Amino acid sequence: MAVVAVAQVDDIPEGTSTEAVIGIETYVICNHQGQIHVLEGICPHRNGPLGAGNFADGRVICPYHGWEFDCVSGEYDRNPLVRLKTFPVRIEGGQVLIEIEALA
Ligand code: FES
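Numbers 536 to 639, taken from this note's numbering, label the letters of the sequence shown in order.
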């Protein structure tokens with residue numbers, strides 16, 4: 536496993552989201568009610584870039600066809616069996632850190 540920084544805390548004010556690309560993986564980082572969460576950043580519908588979409592009421596909204604995912608659980612709002620992978624977050628030195636499989 537490797538620890539990587541996906542964002543600076545100051546770059547994600549409450550109620551916003553952003554995108555990070557680490558190696559070949561894409562992540563969406565959101566700040567919901569002051570808590571930062573990190574999820575996989577590619578939509579399971581047709582690979583939309585979730586970090587490029589809107590973020591509202593704690594939901595990441597895919598810019599392609601509007602599927603909405605809870606930014607805490609990763610759950611798709613219309614089918615809870617579909618959910619984004621979530622990553623435990625650690626904040627250190629103003630950075631948002633997650634653990635990922637080691638980079639090649
Ligand atoms: S690709 Fe995300 S809703 Fe279609």
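Heads up, the beta-carbon is just placed ideally off N, CA and C, and yes, glycines get one too.
All of these numbers come straight from a predicted model, not from anything done at the bench.
| Item | Value |
| --- | --- |
| From the DSSP output, which residues share a beta bridge with His-567? | Gln-570 |
| Would you check if the distance between the CB atom of Ile-557 and the CB atom of Val-541 is smaller than 9 angstroms? | yes |
| Three-state secondary structure (DSSP) at Ala-591? | strand |
| Kindly identify the DSSP beta-bridge partner or partners of Arg-618. | Glu-610 |
| Between Cys-606 and the ligand FES, is there a pair consisting of the residue's CB and a ligand heavy atom that are separated by less than 8 angstroms? | no |
| Quick one: what does DSSP say Val-544 is sitting in, helix, strand or coil? | helix |
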